[in-house]
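Chemist: Counting in numbering that gives the first Met the number 0, the sequence shown runs from 0 upward without gaps.
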Amino acid sequence: MAPQPPLQPPAAFDDYGLPPCDPTLTSYFDQGFLKAAYDGDLSDVRKGAKVVGRGLEGRRLAERLGAVRDGIGMGLLHSAALGGSLPVCRFLVEDLRLDIDAAGPHGETPLTFAMGIQNVAMVRYILEQGADPEKANAKGSTPLHFATGIGNLEIVELLLSNGACVNGLSLGGTALHAAVHDGRDDIVKVLLDNHADHKITLSGTGYTALVIATMVGSLKCVKLLLEAGADVDGKSNETPLMFAASTGGLTDILKCLVLAGADANVTDSKAMLATAKFKAHEAFKNGNYLVAAGIYKEAVELDPHNATLLANSSLCFLRFGDGVQALKDAQACRMMRPGWSKACYREGTALMLLKEYGKASGAFLDGLKLEPGNVEIEDGLREAMKALKMSS
Numbered sequence: 000m001a002p003q004p005p006l007q008p009p010a011a012f013d014d015y016g017l018p019p020c021d022p023t024l025t026s027y028f029d030q031g032f033l034k035a036a037y038d039g040d041l042s043d044v045r046k047g048a049k050v051v052g053r054g055l056e057g058r059r060l061a062e063r064l065g066a067v068r069d070g071i072g073m074g075l076l077h078s079a080a081l082g083g084s085l086p087v088c089r090f091l092v093e094d095l096r097l098d099i100d101a102a103g104p105h106g107e108t109p110l111t112f113a114m115g116i117q118n119v120a121m122v123r124y125i126l127e128q129g130a131d132p133e134k135a136n137a138k139g140s141t142p143l144h145f146a147t148g149i150g151n152l153e154i155v156e157l158l159l160s161n162g163a164c165v166n167g168l169s170l171g172g173t174a175l176h177a178a179v180h181d182g183r184d185d186i187v188k189v190l191l192d193n194h195a196d197h198k199i200t201l202s203g204t205g206y207t208a209l210v211i212a213t214m215v216g217s218l219k220c221v222k223l224l225l226e227a228g229a230d231v232d233g234k235s236n237e238t239p240l241m242f243a244a245s246t247g248g249l250t251d252i253l254k255c256l257v258l259a260g261a262d263a264n265v266t267d268s269k270a271m272l273a274t275a276k277f278k279a280h281e282a283f284k285n286g287n288y289l290v291a292a293g294i295y296k297e298a299v300e301l302d303p304h305n306a307t308l309l310a311n312s313s314l315c316f317l318r319f320g321d322g323v324q325a326l327k328d329a330q331a332c333r334m335m336r337p338g339w340s341k342a343c344y345r346e347g348t349a350l351m352l353l354k355e356y357g358k359a360s361g362a363f364l365d366g367l368k369l370e371p372g373n374v375e376i377e378d379g380l381r382e383a384m385k386a387l388k389m390s391s
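Take a look at the structure:
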């Protein structure tokens, strides 16, 4: 038998007479189908629906078409939304009844993709068709977080008018935290007018929206938050005034806080320490580990008895790949706080980087004695013992 020529994807969705269950050609149809949806080619999308869904109708047809995906999970409706084709979206939603909230890559919905290209008409249509304005992605971010992040005031207002929860929490906090961080006072005002809770603190830092507004230097956001009743002294030991004072001189924000009744009995060292910790946290979050380590070193000079700062500095050097400095800080941390299991863990991980597997095992064992059952330390010990066995 002569060898068969390789399959080629069809140029368009004509009637090829191919059953939809044929596994050798379905992928070609899917690729072309998705491209037609993205390109806004309604004619080819109609033809594709007939070929791929031949013999099906109603819910079964919608399910079959909903299963058309690319390698990363993009479906027909996601592609149409990202391409900005309202006619194709209407056809897919109203005629074929595809799921308006179908989860795509990383849990993103068609609504998110429409927001990504800032197509307000598309966003409005998808919401009118019953899209869930609160459906979160895999990281817990809702459409409102996304709209705030891209800074589109009109879409923010659309979401809120369609019932989006103004105080939804993600890993990055609330939409208010995001808007304040970006200095978007126009969005901050809309969120506050819709009862955004300025008392909610950012996970991992304890900072309120007012503290963040002070950090980023947004006087307009500071004023809006104070007018909305934000606590001028915040919830933590690091107050907005501390950060304002660290900028040097009587800045407008500092004056604003003092006039609002902030406690002026704050030392410069406290302000500098609070600022250093925030900057180190931001640098680490952005992957600037050496910069973060340097800032933590400055913080240690301000608070030389703070073992947590040394542990954080050790982690920064570990991520940067400097095992020697990571070990030095970890050992200093253990000396300062000998009963702390995390200090043992930091020492163990630094020794692992230096391939001192025997010593690393000892450090992890010390940590487990202090905190039996700690999964992180148990995993570290297991890896150390395995590496020690392989190296012997």
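Glycine included, each C-beta is placed from N, C-alpha and C at the ideal position.
Treat the numbers as computed from the prediction; the structure is a model and nothing was measured.
#1: Quick check on residue 153: buried or exposed, where buried means 16 or more other Cβ atoms within 10 Å of its Cβ?
#2: Residues in its own chain within less than 8 Å of residue 370 by CB, not counting five upstream and five downstream?
#3: Between the alpha carbons of residue 60 and residue 95, how many angstroms are there, rounded?
#4: Quick check for students: name the residue ranges of the beta strand (DSSP E) that lie wholly in the region 150-213, counting only runs of 3 or more.
#5: Residue 212 to residue 143, Cα distance in whole Å?
#6: Do you know offhand how far residue 54's Cα is from residue 63's?
#7: Which value, in whole angstroms, describes the spacing of the CA atoms of residue 198 and residue 155?
#8: Give the straight-line distance between the Cα atoms of residue 312 and residue 387, rounded to the nearest whole angstrom.
#9: May I ask which residues mark the beginning and end of the alpha helix (DSSP H) holding residue 71?
#10: How many Å lie between residue 329 and residue 345 at the Cα?
#11: By how many angstroms is the C-alpha of residue 87 removed from the C-alpha of residue 40?
#12: Please return the same chain residues whose Cβ sits closer than 7 Å to the Cβ of residue 177, not counting the five positions on each side in sequence.
#13: Just to confirm my understanding: we take residue 20, look at its own chain, exclude 5 residues before and 5 after, and list those with CB closer than 6 Å. What are they?
#14: Please state the DSSP three-state secondary structure of residue 281.
#15: Over what stretch of residues does the alpha helix (DSSP H) that includes residue 363 continue unbroken?
#16: Is residue 273 near the ligand NAP, in the sense that its beta carbon is under 7 Å from a heavy atom of that ligand?
#17: Restricting to Cα atoms, I'd like to know which of 103, 130, 81 and 85 is closest to residue 393.
#18: Taking buried to mean at least 16 other C-beta atoms within 10 Å of its own C-beta, is residue 140 buried or exposed?
#19: With DSSP as the reference, label residue 301 as helix, strand or coil.
#20: Relative to the C-alpha of residue 337, which residue among 119, 310, 191 and 320 is closest?
#21: Applying the 10 Å Cβ sphere with the 16-neighbour rule, what's the burial state of residue 194?
#22: Measuring straight from C-alpha to C-alpha, what distance separates residue 225 and residue 203?
#23: Could you tell me which uninterrupted alpha helix (DSSP H) segments, each at least 4 residues in length, are contained entirely in the region 85-109, listed from first to last along the chain?
#24: Can you list the alpha helix (DSSP H) stretches of 4 or more residues lying completely in the region 312-342, in chain order?
#25: Out of 120, 85 and 257, which has the shortest C-alpha to C-alpha gap to residue 158?
#26: If I follow the unbroken alpha helix (DSSP H) through residue 387, where does it start and stop?
#27: Answer yes or no: do residue 103 and residue 72 have a C-beta to C-beta separation smaller than 8 Å?
#28: In chain order, what residues of the same chain lie with their CB nearer than 7 Å to the CB of residue 249, ignoring the 5 residues before and after it?
Modeler: In brief:
#1: Translated into positions along the sequence shown, residue 153 becomes position 154. Here residue 153 is exposed: its Cβ has fewer than 16 other Cβ atoms, across all protein chains shown, within 10 Å.
#2: Residue mapping note: residue 370 aligns to position 371 of the sequence shown, counting from 1. For residue 370, where only same-chain residues beyond five positions count, the Cβ hits under 8 Å are 340 and 376.
#3: For this step, residue 60 is matched to residue 61 along the sequence shown. For this step, residue 95 is matched to residue 96 along the sequence shown. Approximately 7 Å, taken between the alpha carbons.
#4: List check, beta strand (DSSP E) in window: nothing returned.
#5: Within the sequence shown, residue 212 is the residue found at index 213, counting from 1. Within the sequence shown, residue 143 is the residue found at index 144, counting from 1. Between the alpha carbons of residue 212 and residue 143 lies a gap of roughly 19 Å.
#6: For the purposes of this step, residue 54 is identified with residue 55 of the sequence shown, where counting begins at 1. For the purposes of this step, residue 63 is identified with residue 64 of the sequence shown, where counting begins at 1. It is roughly 11 Å from the alpha-carbon of residue 54 to the alpha-carbon of residue 63.
#7: Working through the sequence shown from its first residue, we reach residue 198 at position 199. Working through the sequence shown from its first residue, we reach residue 155 at position 156. Straight across, the Cα-Cα distance linking residue 198 with residue 155 is about 21 Å.
#8: To locate residue 312, count along the sequence shown from 1; it is residue 313. To locate residue 387, count along the sequence shown from 1; it is residue 388. Roughly 27 Å separates the two Cα atoms.
#9: The residue given as residue 71 occupies position 72 in the sequence shown. No alpha helix (DSSP H) holds residue 71; DSSP gives it neither H nor E.
#10: As a first step, residue 329 is located in the sequence shown; it is residue number 330 there, counting from the start. As a first step, residue 345 is located in the sequence shown; it is residue number 346 there, counting from the start. Distance between residue 329 and residue 345, taken at the CA atoms: about 6 Å.
#11: Position 41 of the sequence shown holds residue 40. Position 88 of the sequence shown holds residue 87. Put simply, the backbone Cα of residue 40 is about 7 Å away from that of residue 87.
#12: Here residue 177 is taken as the residue at index 178 of the sequence shown, counted from 1. If we look at residue 177 and ignore the five residues flanking it on each side, its Cβ neighbours are 144, 147, 148 and 171.
#13: Against the sequence shown, residue 20 aligns to sequence position 21. With a pLDDT of only 39 at residue 20, under the threshold of 50, the placement of this residue in the model should not be trusted, and no figure is reported.
#14: The count along the sequence shown starts at 1 and reaches residue 281 at position 282. In the structure shown, residue 281 sits in a helix (DSSP, three-state: H, G or I).
#15: Taking the sequence shown and counting its residues from 1, one reaches residue 363 at position 364. Element bounds for residue 363: 356-369.
#16: As far as ligands go, the structure on display features none, and thus does not contain the ligand NAP.
#17: Absent from the structure is residue 393, since the part of the chain shown begins at 0 and ends at 391.
#18: By 1-based counting over the sequence shown, the position of residue 140 is 141. By the neighbour-count rule (16 or more Cβ atoms within 10 Å), residue 140 is buried.
#19: Looking up residue 301 in the sequence shown gives position 302. DSSP places residue 301 in helix when its eight states are reduced to three.
#20: In the sequence shown, residue 337 corresponds to position 338, counting from 1. Nearest of 119, 310, 191 and 320 to residue 337, Cα basis: 310.
#21: As a working note, residue 194 is residue 195 in the sequence shown. The residue in question, residue 194, is exposed, as its Cβ has fewer than 16 Cβ neighbours within 10 Å.
#22: Against the sequence shown, residue 225 aligns to sequence position 226. Against the sequence shown, residue 203 aligns to sequence position 204. Distance between the alpha carbons of residue 225 and residue 203: 23 Å.
#23: Within the region 85-109, the complete alpha helix (DSSP H) runs of at least 4 residues are 85-89.
#24: Counting whole runs of 4 or more residues, the region 312-342 contains the alpha helix (DSSP H) stretches 322-335.
#25: Position 159 of the sequence shown, counted from the start, is the residue given in the question as residue 158. In terms of Cα proximity to residue 158, the closest of 120, 85 and 257 is 120.
#26: Within the sequence shown, numbered from 1, the residue matching residue 387 stands at position 388. 374-390 is the extent of the alpha helix (DSSP H) around residue 387.
#27: For the purposes of this step, residue 103 is identified with residue 104 of the sequence shown, where counting begins at 1. For the purposes of this step, residue 72 is identified with residue 73 of the sequence shown, where counting begins at 1. Their beta carbons are under 8 Å apart, which means residue 103 touches residue 72 by this criterion.
#28: Counting from 1 along the sequence shown, the entry for residue 249 is found at position 250. For residue 249, the pLDDT reaches just 47, beneath the cut-off of 50, and the residue's location in the model is therefore unreliable, leaving the point undetermined.
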